[in-house]
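**Q** Listed in order, the protein sequences are those of chains S and W.
Using this note's numbering, you'd call the opening residue of the first sequence number 1 and step up by one each time.
Using this note's numbering, you'd call the opening residue of the second sequence number 1001 and step up by one each time.
Have a look at this one before I ask anything.
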Amino acid sequence: MQNRSIRKRLANNRLLAYACSILFLLISMVLGISIGSVHVPISSIIRIVGHEIFPFISLAQVDSMHLNIVLNVRLPRVILASLVGASLAIAGAAFQGLLRNPLADPYTLGVSSGASVGAVVTLFFQISIPFVGAFTLPLLSIVSSFLTIVLVLGFARKIEKSMRVETIILTGIIFGSFLSAVISLMIALTGDELRQIIGWLLGSVSMRGWVYIKIILPFLIIGAGILLFNARELNAMSFGEERAHHLGVDVQRRKLSVLTAGSILTGAAVAVSGTIGFVGLVIPHLTRLLWGSDHKHLLPLSILTGSGFLILADLVARTIISPTELPIGVITALIGAPVFALILMKSRLERSG
Amino acid sequence: MLNVQNLTGGYGGVPIVKDLTFQVNKGEMFGILGPNGSGKTTLLKMISGILAFQKGTVNIADQPIQTFSPKELAKIIAVLPQHSNQSFSYTVKETVALGRYAHQSGWFQTWSPKDEEIVQSVMKQTGIHHFHSKDIQSLSGGERQRVFLAQALAQEPQILLLDEPTNHLDLSFQKELLDVLKAWTREKGLTVISIFHDLNLAGLYCDQLLLMEDGKLNIHHKPNEVLREERVQAVYQTKIKKQAHPRVPAPQMVLLPEQQEDQQNFTVNASILKRTSERIVIQTPQPMKTLSSGVIGSGTGWHDSFINRRVGLDYDCNDHREEMRLYLKENGFEPSDCVGMMTAVNLDDLSHLFIERDGCSIFVVVTAGVGHAIDASKSSQHDMHLQPGTINTWIFVNGSMTEEAFIQSMMTATEVKTKVLHDLEVRDPVTGTLATGTGTDSILIASTQQGEEIEFGGTITPLGKLISQAVYKCTSEAIAHYRNRMDI
């Protein structure tokens, strides 16, 4: 009972929600940059980052190796992890609200399978597009994810003009299963590239560098912008499409923009890091449990929480049995599932008690 | 306010609503009735703009509904959903605040003081203000329904559409909700259009009713005309009976269940009459339909225990009804199943008679005391003081009587009783004229409601003849017994 009243008070205190989430993200970032095979002191991190922003801050006392590690290895890695986490979390939150389904995640509509097919095809056929070179994989991945969402929505529209969410979910599942089968087929037929393909599918944010950040960032800004702009509509639509319509929401248009934005985010995230599971499903739930369901706050808070969480997951993935790196997708589920189970149990007990 | 012309539409090209024309005026409470599958919900969806129609027009304030944008429409029409299930938890206030969606504009859709004011005021009006920070998933069905009502009202609509609003609500919430809506139609000119399953609620609250049958209009009229027995029986294909509401001028329909197989036929006659010095009791195996003026169980009703209780001449009690109730309970009767009368005469002086003719039979029981006989035509000369000395007449009819027969039987029995007093020259001690009865006479007409229907009970009908014969004989006998005893 006391816990419950505390939760209430927290829910009312938006400022506290944002403060906690930002703090969590900052701590995750600092830990992510600091910890590793070479330990970088926090004071050095502050100096290095400070120098990048305000060049007058002197780097005299900073070890040049630390400078190199932070700027070229850890910082881009942490930022990429945070951008991927942010994209998946906000897309998941939006999809769950729109589809009114707690089991929905960014991968429900088959977009991730689409992006994966692009990537696996690149690896399988060793494709390299001139002028793009090493970035053939993310490029093809994003292109194929867009193709997928266009096909899924087009197909759903063909089945039913009003495109009810049930139809969209089913269509997504059909396309997702088909594309997964295509991936499995390529895995079965491949020889040398097996390890490379599996490794990519399990997801990773290592050794991507600043370029990958530049790839995902515009998509994140556009996608998250569209979703945030539709926060109130998402609130209305989580009461059902008819209800939203009666409240005055232009359901058809808003639905399409949310689906497109979510898919852009998902496609870009999968393209740069592979299919990292669990973040898009659980972070929105966690945020909702902690701070409430109002999408105006749920969406930005999911971004912050998702970023921090994926940075920590990546930290564990690369340090737990160092020097071997585990796939980050494995870690998200290994940490995330028990934590979520605990929180869920606690909240249900509170509710029934 | 709302004008529907030749509306035809449905799902996937198959018309469910066919060629429907009606109009709803501002401030009206408008009920849509019809059996399952008659197209009520489809009609409501087309009026609320979420289902496109194939033919016809729907005009709101003389403007076709298609020309409104979703936001414009939401400012005019609000819908209270039948039930709303949401997968995620919102607080009551967040939910109500969504009702302001259509009124907010601009890129940042800011929450204005006016929005806040309206949300606060509708939450107060619907009585949900005190739990505004609660999670709607933790609310009861009735509370949740009020939250969605508040949400709909926050839209400041001119028309409110409801699909079976009282579904899932208990009696008091049903009444509360409809009372609130009715008040709004009167005070704020809100137009309410609602689907009803409960014909009685519709009849009670609506100004106009629209009855649908197979997607077509059966009738659009005032409740009393729409809820005609034959019409409802035909449209709903079920047996119902119409009666008047006891308090307000509204029609009420009751269902007539098919006869249960375990119902046994019985006849009331002298074999089930039990008499002690304190009371006369008749108990029947099944309740009988009664019209009576007893101390307990008066008016019309269904009763299976009939008690005529002897009280002393000195019986005096301020609350004789309650005293009688306690007496019945103490003696193992359930007061709600009883018709109970009181008398001061010796119960040995009762008279009863069973007669049967042409398949119709009645059993009459009379106790009579005429110490305080009164000439009804000169009753103004009497004071209000009630004195014991009463003629209690019970008439049990083995048959199925109409209401008309009940009333006519009562008239027949009363006329016969008066005639007996004349023939026996019973006089009013105050005026000295011939008496017509006593000041506290009671009568009971009870019918088994089994067997052939007896339509009339007037003096020259078969039933009337039986009543006059039996009542005359029993009343004369009972008065004779009484006089004998008094003379001794």
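For glycine and all other residues, C-beta sits at the position ideal for the given N, C-alpha and C.
Quick check on Val1295 (chain W): does DSSP put it in helix, strand or coil?
**A** Your numbering for residue 1295 (chain W) matches position 295 in the second sequence. The answer is coil: DSSP assigns Val1295 (chain W) none of H, G, I, E or B.
**Q** Once DSSP output is grouped into helix, strand and coil, what is the label at Phe178 (chain S)?
**A** Along the first sequence, one-based indexing puts residue 178 (chain S) at 178. Reduced to three states, the DSSP call for Phe178 (chain S) is helix.
**Q** Quick one: give me the first and last residue of the beta strand (DSSP E) that Ile950 (chain W) is part of.
**A** Any property of residue 950 (chain W) remains undetermined from this structure, which presents chain W solely from 1001 to 1488.
**Q** Using only the alpha-carbon positions, how far apart do Val30 (chain S) and Leu281 (chain S) sit?
**A** Mapped onto the first sequence, residue 30 (chain S) falls at position 30. Mapped onto the first sequence, residue 281 (chain S) falls at position 281. Cα to Cα, the separation comes out at about 25 Å.
**Q** If you check the beta carbons only, do Ser1379 (chain W) and Thr1267 (chain W) fall under 8 Å apart?
**A** Against the second sequence, residue 1379 (chain W) aligns to sequence position 379. Against the second sequence, residue 1267 (chain W) aligns to sequence position 267. No, these two residues do not count as a Cβ contact at 8 Å.
**Q** Say whether the segment 1227-1239 of chain W touches the segment 1247-1255 of chain W, bearing in mind that this needs 3 or more beta-carbon pairs closer than 8 Å, one atom from each stretch.
**A** With the cut-off at 8 Å, the segment 1227-1239 of chain W and the segment 1247-1255 of chain W touch.
**Q** Please decide whether Val1079 (chain W) counts as near chain S, where near means a Cβ-Cβ distance under 8 Å.
**A** Here residue 1079 (chain W) corresponds to residue number 79 of the second sequence, with the count starting at 1. Taking Cβ atoms only, chain S reaches closer than 8 Å to Val1079 (chain W), which makes this a yes.
**Q** So, is Val1014 (chain W) buried or exposed, given that buried needs 16 or more other C-beta atoms within 10 angstroms?
**A** Along the second sequence, read from residue 1 onward, the residue named residue 1014 (chain W) stands at position 14. Counting Cβ neighbours within 10 Å, Val1014 (chain W) comes out exposed, since fewer than 16 surround it.
**Q** Any Cβ of chain W within less than 8 Å of the Cβ of Asp192 (chain S)?
**A** Along the first sequence, read from residue 1 onward, the residue named residue 192 (chain S) stands at position 192. Asp192 (chain S) does not count as touching chain W.
**Q** To the nearest angstrom, report how far apart Ala1376 (chain W) and Ser1298 (chain W) are at their CA atoms.
**A** Here residue 1376 (chain W) refers to the residue found at position 376 when the second sequence is read from its first residue. Here residue 1298 (chain W) refers to the residue found at position 298 when the second sequence is read from its first residue. Their backbone Cα atoms lie some 22 Å apart in a straight line.
**Q** Mark Phe131 (chain S) as exposed unless 16 or more other C-beta atoms lie within 10 angstroms of its C-beta, in which case mark it buried.
**A** As a first step, residue 131 (chain S) must be located in the first sequence, where it is residue number 131. By the neighbour-count rule (16 or more Cβ atoms within 10 Å), Phe131 (chain S) is not buried but exposed.
**Q** Any residues in the segment 218-244 of chain S with a beta carbon nearer than 7 Å to a beta carbon of chain W? Which ones, in chain order?
**A** Hits within the stretch, in order: Arg232, Asn235, Ala236, Ser238, Phe239, Gly240, Glu242 and Arg243.
**Q** By DSSP's criteria, Lys1274 (chain W) is part of a beta bridge. Which residues make up the other side?
**A** Residue 1274 (chain W) sits at position 274 when you count from the first residue of the second sequence. Paired residues: W:Val1281.
**Q** Drop a sphere of 10 angstroms on the beta-carbon of Arg1357 (chain W), count the other beta-carbons inside from all chains shown, and report buried for 16 or more, exposed for fewer.
**A** By one-based count along the second sequence, residue 1357 (chain W) stands at place 357. When all chains shown are included, Arg1357 (chain W) counts as exposed.
**Q** Interface residues of chain S around Leu1098 (chain W) at Cβ under 8 Å?
**A** As a position in the second sequence, residue 1098 (chain W) is number 98, starting the count at 1. Correct list: Arg232, Asn235, Ala236, Phe239 and Leu247.
**Q** Rounded to the nearest angstrom, what separates Ala93 (chain S) and Gly1031 (chain W) at their Cα positions?
**A** In the first sequence, counting from the first residue as 1, residue 93 (chain S) sits at position 93. In the second sequence, counting from the first residue as 1, residue 1031 (chain W) sits at position 31. Spanning the two alpha carbons is a distance of roughly 41 Å.
**Q** So, at 7 Å on beta carbons, what are the nonlocal neighbours of Gly1413 (chain W) in its own chain, with the 5 sequence-adjacent residues on each side left out?
**A** On the second sequence, position 413 is the one that residue 1413 (chain W) refers to. Correcting the residue identity first, residue 1413 (chain W) is Ala in this sequence and not Gly. Excluding sequence neighbours, Ala1413 (chain W) sits near Thr1393, Ile1395, Ile1443, Ile1467 and Val1471.
**Q** What is the rounded straight-line gap between the Cα of Phe124 (chain S) and the Cα of Met186 (chain S)?
**A** Numbered from 1 along the first sequence, position 124 holds the residue referred to as residue 124 (chain S). Numbered from 1 along the first sequence, position 186 holds the residue referred to as residue 186 (chain S). Each residue's Cα considered, the two are about 7 Å apart.
**Q** So with CB distances below 8 Å, who are the chain W contacts of Arg288 (chain S)?
**A** By one-based count along the first sequence, residue 288 (chain S) stands at place 288. Phe1088 and Ser1089, listed in chain order.
**Q** Whose CA, out of W:Thr1021, W:Thr1290 and W:Thr1343, lies closest to the CA of His1221 (chain W)?
**A** One-based indexing of the second sequence puts residue 1221 (chain W) at position 221. When only C-alpha atoms are compared, the closest one is W:Thr1021.
**Q** On the premise that Gly267 (chain S) lies in contact with Gly116 (chain S), defined as a C-beta separation below 8 Å, what is that separation, rounded to the nearest angstrom?
**A** Walking along the first sequence from the start, residue 116 (chain S) turns up at place 116. Walking along the first sequence from the start, residue 267 (chain S) turns up at place 267. Note that residue 116 (chain S) corresponds to Ser in the displayed sequence, not to Gly. No, Ser116 (chain S) and Gly267 (chain S) are not in contact; Cβ-Cβ is about 10 Å, not under 8 Å.
**Q** Could you say which of W:Lys1040, W:Gly1369, W:Val1248 and W:Ser1194 lies nearest to Asn1218 (chain W) if we only look at CA atoms?
**A** Within the second sequence, numbered from 1, the residue matching residue 1218 (chain W) stands at position 218. The option with the nearest alpha carbon to Asn1218 (chain W) is W:Lys1040.
**Q** If Val152 (chain S) sits next to Arg100 (chain S), beta carbons under 8 Å apart, how far is it from one beta carbon to the other, in whole angstroms?
**A** By one-based count along the first sequence, residue 152 (chain S) stands at place 152. By one-based count along the first sequence, residue 100 (chain S) stands at place 100. The Cβ separation is near 18 Å, so there is no contact.
**Q** Quick one: which residues of the segment 1040-1062 of chain W get their C-beta closer than 7 Å to a C-beta of chain S? List them in chain order.
**A** Flagged, chain order: Ser1048 and Ile1050.
**Q** Determine whether the Cβ of Arg7 (chain S) lies closer than 8 Å to any Cβ atom of chain W.
**A** Translated into positions along the first sequence, residue 7 (chain S) becomes position 7. Because Arg7 (chain S) carries a pLDDT of 46, less than 50, the predicted location of this residue cannot be relied on, and the following value inherits that uncertainty. False, the Cβ-Cβ gap to chain W never drops below 8 Å.
**Q** Could you give the distance in angstroms between the alpha-carbon of His1245 (chain W) and the alpha-carbon of Asp1348 (chain W)?
**A** Counted from its first residue, the second sequence places residue 1245 (chain W) at position 245. Counted from its first residue, the second sequence places residue 1348 (chain W) at position 348. Going from the Cα of His1245 (chain W) to the Cα of Asp1348 (chain W) covers about 42 Å.
**Q** The segment 307-318 of chain S: which residues have C-beta closer than 8 Å to a C-beta of chain W, in chain order?
**A** Residues: none.
**Q** Using only CA atoms, which one of W:Val1147, W:Thr1042, W:Gly1141 and W:Ser1277 lies nearest to Val1119 (chain W)?
**A** Looking up residue 1119 (chain W) in the second sequence gives position 119. Taking only the C-alpha atoms, the option nearest Val1119 (chain W) is W:Val1147.
**Q** Please report how far the alpha carbon of Glu233 (chain S) lies from the alpha carbon of Arg348 (chain S), in whole angstroms.
**A** Here residue 233 (chain S) corresponds to residue number 233 of the first sequence, with the count starting at 1. Here residue 348 (chain S) corresponds to residue number 348 of the first sequence, with the count starting at 1. About 28 Å.
**Q** Let me see if you follow: with CB-CB separation under 8 Å, is Leu1073 (chain W) close to chain S or not?
**A** In the second sequence, counting from the first residue as 1, residue 1073 (chain W) sits at position 73. Yes, Leu1073 (chain W) counts as interfacial toward chain S.
**Q** Which residues, in chain order, does the segment 289-304 of chain S contribute to contact with chain W at a C-beta distance below 8 Å?
**A** Here the close residues are Gly292, Ser293 and Asp294.
**Q** Using a C-beta cutoff of 8 Å, does Asp250 (chain S) count as contacting chain W?
**A** Taking the first sequence and counting its residues from 1, one reaches residue 250 (chain S) at position 250. At least one chain W Cβ lies under 8 Å of Asp250 (chain S).
**Q** Comparing alpha-carbon positions, which option in S:Arg208, S:Ile45, S:Arg318 and S:Leu23 lies nearest Leu137 (chain S)?
**A** As a working mapping, residue 137 (chain S) is identified with position 137 in the first sequence. Residue S:Arg208 is the option with its Cα nearest to Leu137 (chain S).
**Q** Run through DSSP, which three-state label would Pro1249 (chain W) get?
**A** As a working mapping, residue 1249 (chain W) is identified with position 249 in the second sequence. Here Pro1249 (chain W) sits in coil by DSSP.
**Q** Report all residues from its chain with a CB closer than 6 Å to the CB of Leu80 (chain S); omit the five preceding and five following residues, and keep chain order.
**A** Residue numbering aside, residue 80 (chain S) sits at position 80 when the first sequence is read from its first letter. Contacts found: Val205, Arg208, Tyr212 and Ile213.
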